[in-house]
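From first to last, the protein sequence lines stand for chains C and L. Per this note's numbering, residue 670 is the first one in the first sequence, and the count goes up by one each step. Per this note's numbering, residue -3 is the first one in the second sequence, and the count goes up by one each step. For each residue, glycine too, the CB sits at the ideal point set by N, CA and C. Here the structure comes first, spelled out in structure tokens, and everything after it is commentary.
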Amino acid sequence: MKDAPHNHRPPDVRPEGGTGHDGDGLDTGSLSQAQLIRQRFARHRVGQASLYLLVLVYFVALVADFFAPYDPNRRDLDFIYAPPQLPKFSLTHGFHAWGIKNHIDPITLEKYYTFERETIVPLGFLARGHESKLWGLIPFDRHFFGARGQSDREAPPFFLLGTDRYGRDILSRVIYGSRISLSIGLISILVTIVLGLTIGGVSGYLSGWVDNFIQRMMEIISAFPQLPLWLALGAIMPRDWSGLTVYFAITIVLSLLGWISLARVVRGRILSLREEDYAVSALLMGASHTRIIFRHLLPGLTSHIIVVITLAIPGMILGETSLSFLGLGLRPPMVSWGVMLQDCMNIQVLASYPWILAPAIAIIITVLSFNFLGDALRDAADPYSSH
Amino acid sequence: MKTGKLIILAKFAATAIGVLIATLVWVRMVGLDPNQETRTYPPEEVESVQRSRSILMGDDDQPVFYRNVDYSKISGSRWEPKREPPILAELVREGKLPPVRVRTGDEPAVLEGAEGIGRYGGTWNMATKTRMFIWEEMSRLFGAETLVRWSPLGYPIVPHVARSWVASGDSKTWTFQLRKGMRWSDGHPFTAHDIYYWWKHEFVYGLENGVRMEENTDKIIRHGDRFGRVRVIDKSTVEFQFDTPNPFFLEKLASTYMQSICFPRHYLEQYHPELGDQELIETTMKRRGFVNRSQLYMEMKNENNPLCPRLTPWINRTYKPNPPYSFVRNPYYWAVDIKGNQLPYIDQVTMEIQTKELIAIDTAAGGYPASFKWLDFSDYSIYMKGRSTYGYEVQHWYPAFRSIWTIWPNLNRRVDPGDEISRMKAELLNTKEFIQALSLAINRTAIIKAEFNGIGEPAQLSPGRESPYFSERLHTSFVDYDPDRAERMLDSIGLTNRDGAGYRTFGNGDRMLWFVTVSDGTNPGPLQFVIDDWKRVGIRALPKLQSSGLVLLEFITRKQDFYVGGDMSGFIPVIEPKSYVPVGGGTPFATAYGTWYEFKISEFATSDRVAYPPPPGHPLGRAQDLYDAAMQAPTKEAGRQQFQEIMDIAAENLWGITIATPPPQIAVIRNDFRNVPKKAIYGSVFRTPVNLASETFFFEDYQASPGNFDAIRDEIETVTPPPDSIGLVESSPDARFTPIGRLLKFLFAGIAVAAVVLIGAKHPYVGRRLLLFIPMLLVISVITFVIVQAPPGNVIETRLMNLDESTSPGNAKEIEQIREYFHLDDPFVIQYARWMGFYWFFTFSEADKGLIQGDLGFSLDDPRRPQPVNRIVGDRIVLTFLISLGTVLFTWALALPIGIYSAVRQYSFGDYTLTLLSFIGMSIPGFLLALILIYWGGVFFDVNLTGLFSPEYEAQPEWTWGKVGDLLTHIWIPLVVLGIGGTAGMIRVMRGNLLDELSKPYVTTARAKGVRPVKLLLKYPVRIAINPFVSTIGSLFPGLVSGGAIVAVVLGLPTVGPLLLSALLAEDIYLAGSMLVVLSLLGIAGTLFSDLLLMALDPRIRMEGGKR
């Protein structure tokens, strides 16, 4: 879906150098292509904002243990479907929140909550909380923001984004889940890049019957319906694989079809770049094929590669979401956004406890950012075009 | 560049703060309303609901619907049969049916519903989850062919097919009076000879000849180690004779796991292997494709055969391969109400197959008149909240099953030679301390709180406090939460070694991993708690969620470690004691012991691997003996005391691990659906809803569509029998091939021909593309075949294993036949070739047709009845194609103008908004969007938007404007959901291309020369910009087809996607494989079509011979 159209022509590449101006009057004079791209990108406000957002999100995912106030699988059965609590600030209490009390509706047995204004839950930064290990190695117990406990007892609970059906903190789950969901995208992309670059490069560079054959194969494989293929592969994964194995299996599954669009673009670019004067002269001067590829052709590819993969990552994230949502991907106790979405399947639950949609919002924002970023990069990647 | 870095840092901070603010806004929006107060209700209301919820069986409400009347005084009595439903009245007027008095006979059952006299008319629509058990479920729903039946709260047992009975003093002889003038659904008289026929020619014949002619009726006639005898005293009197006292005979007759003992002799006789018309049997066998006579006979009896006469209130008149199924009123039903109206009141019952989630959603929205079977107590609040909005009541029924969630260890776990792990597992499973420890490790209170809404007390499985069989000792055995004691017990049986992760290992150090099997009809919620609890005491376990078909197969082949099920026995365990003592193959914890017990007195040879007795001295052996004694005790009370000891043994040994007492059974009954008792006992042993007198249910004010009346009338009048081929061996030519099959056939042939023609006609590009189709198909099918065959132990293999070991001797032949038919012994490549249908090109024989010829193979979802995939798929392919096509058109129609607008008004406010919206559209996962839309539909428009039709219109055959309108209200959701992502992308493409064009010199020239803008726009730039636009559409189709799969699953659409998913989960390999190939083909077809379109539009491609 994020493919460039079939007969997308590579943008007009004029030789670099010269003292020209581009369509917006910027001095394209003596800047390198990379710098030009960056400059154009900088003008794309939304794209910039998306970039910062994504870096922030990935950072939080990286240091998830620190940012998440609770263990993602911690159940608090006294606070099932607890609503989000708004932190307040006052001069007397500092950061705090009102306590909440759970009730059961005597007629419908529905759980609901009311504020208990007498109970003050003290909050603060770097609050002491549950024991955790950063990346499984460094033990620590202070978290970014949370309920302050006394030295002898645990703090009353504070759920910024509410809890789910087992009383698990949604904020913590979203943060830990981001680790899985986001990293799966990255790792799949790595596999995709490797496959796409190699195969596309070989195809474009060697041309002839190799190129033809590979092209036909790519056409055939791309005819496979993506989601059903993923479903099928998800369904055949043995039940007793450990969480980690499943994780890696999924990354491979997701990249199985994605490399094709990258390979196509790479091939197209290499085909055209190969004929460029500088490449031909390098060949005539006796440069080895490797040198030509890495030193001369690859840089011309980079911008395209970046664009393609930036637009492909959301597809991977959505793919993992879909698989886990259907129960064919990751399984509890692993937490990912897709796994969290399983709880949203129940419409009545959605209606009564809308805060469980938090992972959906996270997904939308992440994917949106990637799309904006990719779009901005695509616009910027062609510094010599007129718009 | 320090300032540069500072600026970047500042930007990060700004972003972070932005995210924070957004989060706080979200929290404020969806968080708790600060003014939320504790809810208060008038105390009487609260009290009444709580009473209704907690007191399910009182002394004051014992509804009994059966009325004892004096049949000698029928003429002139109030209950004399005189009135009938309009549909039947019409048929009588036309001379097609005899008058009502003749039809019901002179001694009809006289019933009075819970609320009195009802009204005629209406269609009761129902849904069930399992495809597999649907026919058994239907027979349970209506199973009116028992001699006696239960009342709503259990006792008293009332007459049903039999008018009255007398037992001899020693309970050895039971004599039943049947009803004079009672008829089968085809008008033929019903007499004692029909019952005798069952006994003599089905049961005894089967015993003597080693064939299976009936199902499970041996439980009625078997008594102790002998079988009873049936004697015909006269046309309406039948006698059962037993060698030992049989005090519980009535209970057995009334309970449901027994199939009927009343069979239409006049119909079935002709198919009887010995008595029947041999020529007819031969011909039918050939035409229908059966290989042995008993198989044919059983199919003739099967509920899916509309030609077989029945005694039930609603009957199946129309054979259909796929749901929804329809059952119309039986014109010869032998019951009336107290005013002489012939029953049932309701004209028609329809049955649809749905996922459990959708059944819950439809129930909550009042989509079913009466829904109870698939409702989870965890959805209780939802139903309670919807009562006034959707117009229904929530009844609380007493659950006869005393547990909805029990972990059954498999004492007879299969041990494969050479598989040390299986041996060690079997050993542990048979060590009582192991099971007891596992039970003690579970924190039941937490599970009750989290999963059962706090209703219920921790308990082991026992018949319930209200039951005369209650055992306090069993109820509280090993129910405490005592993980320390559990750990000590586990240590004491030798599981002291731990592995690297802290879990206990087997004695010899091997990794120990237990699987707990959960079928897709069971709530997997508590399992996670159990697994965590077991982890704390060092036991590693994983859940294994499987489709019901697979679960059954693995159960029969004893491959499971633990299996989560419910209570088998219920309120009166003497009838069905399998939760406590193994007396049949269905015993959840010891199927082999049970199978041995079941067959020890028959002459069926059972394989030692699959049926063996408990070892000497084993408590279950003692339990079996006690059971024998209890069933043959001189009085019921004496029997009950014997049974107590069985409960004590169960308390000692713990055959199952249960969490809690069950919550009330919820029944959601719509306000317009009347005569449903408010208090009832719900259980399959009691045959709910038969024990509720479902034939007295009626609709307050049913608005039927005019076509409905005629449709039902026609159905009653004419029987539509099954077509000629069911069964494994297809002999008749086009029988399997629905229009879809033909379509596929022509598709391939057409492409081949077209390719040749076009190549010759100098369009090498297109010709090449078409020819590429073939290798594409090959590669795709190979990959699919490999994927689908990959999981070990697929359905066919397991089915074979099951057959191989099951008791019926006729199976050896069936196994042979299956092996041969599916070519299981052939190498992989040959199997693939056969599936594809390559052999057809050589032999041109029907049997060798495969995928290429349009034959999609067989579905083994119900392993006992393979269904041709073509029939199951049926309309789905067309529907998938239509929805995809519709979405493409929708996308195009939307994206084109919006893209043009965006390009022309670049950077305007409209452009930015549209860009933002389209990006958001691209970013939301399709199924989520679907959910949100359904939610809005439900909340703001008060409409339930799942599926393609509302439940009422689903049943309606003809296309009224109402039905069309209903379709339109439902179909926009899939179109929008599927279309949005594509539309967004297309808008961007269109915009980009058009912008490219608009900046070209010729456009400036044209404007300068004064060409009008719109004309200019449309004539040149758009036409050129459309070029890549069209080609992108080509890639849209496969995306739609595949992405549509998930959305369809969520929305419950009858397309290919959900079928593929369920086939994958059920490991139904042919169905899954065929669906994958079909989806790929649809995708390719779309791409091909777009390429052709592109060629037509862009002369450059035509000229250059497609060098693009």
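So, are the CB atoms of residue i and residue j less than 8 Å apart?
i          : j          : result
Val332(L)  : Val154(L)  : no
Gly1043(C) : Val976(C)  : yes
Val390(L)  : Val664(L)  : yes
Val579(L)  : Ile642(L)  : no
His762(C)  : Pro791(C)  : yes
Phe61(L)   : Glu90(L)   : no
Ala629(L)  : Gln640(L)  : no
Ile919(C)  : Glu989(C)  : yes
Thr351(L)  : Gly1048(L) : yes
Tyr750(C)  : Ile853(C)  : no
Pro269(L)  : Ser290(L)  : yes
Ile191(L)  : Cys258(L)  : yes
Gly917(L)  : Ile976(L)  : yes
Ile677(L)  : Pro59(L)   : no
Phe368(L)  : Asn449(L)  : no
For residue i, tell me which candidate among the options has the shortest Cα-Cα distance.
i          : options                                     : result
Arg102(L)  : Ile83(L), Val88(L), Arg115(L), Glu76(L)     : One detail in the question is off: residue 102(L) reads as Asp in this sequence, not Arg. Among Ile83(L), Val88(L), Arg115(L), Glu76(L), the Cα nearest to that of Asp102(L) is on Glu76(L).
Leu1061(L) : Val724(C), Ser1038(C), Lys802(C), Ala904(C) : Ala904(C)
Arg1011(C) : Pro520(L), Asp624(L), Tyr116(L)             : Per the sequence shown, the amino acid found at residue 1011(C) is Gln instead of Arg. Of Pro520(L), Asp624(L), Tyr116(L), the residue nearest in Cα terms is Pro520(L).
Ser991(C)  : Glu447(L), Met982(L), Ile920(L)             : Ile920(L)
Gly1040(L) : Gly981(L), Ile916(L), Ala926(L), Gln46(L)   : Ala926(L)
Tyr781(C)  : Pro104(L), Glu111(L), Ser377(L)             : Ser377(L)
Glu43(L)   : Phe728(C), Thr777(C), Leu760(C)             : Thr777(C)
Leu249(L)  : Met982(L), Arg683(L), Tyr201(L)             : Arg683(L)
Tyr874(C)  : Ser719(C), Pro894(C), Pro1028(C), Arg960(C) : Arg960(C)
Gly460(L)  : Ser322(L), Thr501(L), Pro658(L)             : Pro658(L)
Pro327(L)  : Met380(L), Leu974(L), Glu713(L)             : Glu713(L)
Pick helix, strand or coil for residue i, following the three-state DSSP scheme.
i          : result
Ile722(L)  : Summary for Ile722(L): the model assigns pLDDT 46, below 50, so the residue's position carries little reliability; its value from the coordinates is reported in the next sentence. Correct three-state label for Ile722(L): coil.
Leu5(L)    : helix
Ala361(L)  : coil
His184(L)  : coil
Asn771(C)  : strand
Asp810(C)  : strand
Tyr828(L)  : helix
Gln620(L)  : helix
Pro1017(L) : helix
Leu695(C)  : No answer about Leu695(C) holds up, because its pLDDT of 49 lies below 50 and its placement is not dependable.
Met627(L)  : helix
Ala1044(L) : helix
(message) Suppose only complete runs of 3+ residues qualify. What are the beta strand (DSSP E) ranges in the segment 818 to 853 of chain C, listed by chain order?
(response) If only uninterrupted beta strand (DSSP E) runs of at least 3 residues are considered, none is enclosed by the segment 818 to 853 of chain C.
(message) Which complete alpha helix (DSSP H) runs does the segment 230 to 308 of chain L hold, if anything under 4 residues is left out?
(response) Taking only runs of at least 4 residues, the alpha helix (DSSP H) segments lying wholly in the segment 230 to 308 of chain L are 245 to 250, 261 to 264, 274 to 284, 289 to 297.
(message) At a CB distance below 8 Å, what residues from the segment 431 to 458 of chain L approach chain C? Give them in sequence order.
(response) Per Cβ criterion, the list reads Ala442, Lys445, Ala446, Asn449, Gly450, Ile451.
(message) Closer than 9 Å between beta carbons: that is the criterion. Which residues of the segment 873 to 905 of chain C meet it against chain L?
(response) Here the close residues are Arg885, Met886, Glu888, Ile889, Ile890, Ser891, Ala892, Phe893, Pro894, Gln895, Leu896, Pro897, Leu898, Trp899, Leu900, Ala901, Leu902, Gly903, Ala904, Ile905.
(message) Counting only Cβ-Cβ distances shorter than 8 Å, please list the residues of the segment 767 to 789 of chain L near chain C, keeping chain order.
(response) Correct list: Leu768, Pro771, Met772, Val775, Ile776, Ile779, Thr780, Ile783, Val784, Ala786, Pro787.
(request) Using a Cβ-Cβ cut-off of less than 9 Å, give me the residues of the segment 853 to 874 of chain C that come near chain L, in sequence order. (result) Residues of the segment 853 to 874 of chain C with a Cβ closer than 9 Å to any Cβ of chain L: none.
(message) Closer than 9 Å between beta carbons: that is the criterion. Which residues of the segment 760 to 771 of chain C meet it against chain L?
(response) Residues Trp767, Ile769, Lys770.
(request) Scan the segment 27 to 39 of chain L for residues whose Cβ lies nearer than 7 Å to a Cβ of chain C and list them as they occur along the chain. (result) Residues of the segment 27 to 39 of chain L whose Cβ lies closer than 7 Å to any Cβ of chain C, in chain order: Gly27, Leu28, Pro30, Gln32, Glu33, Thr34, Arg35, Tyr37.
(message) Give me the subset of the segment 376 to 388 of chain L whose CB atoms are less than 7 Å from a CB atom of chain C, sorted by chain position.
(response) Here the close residues are Tyr376, Ser377, Ile378, Met380, Lys381.
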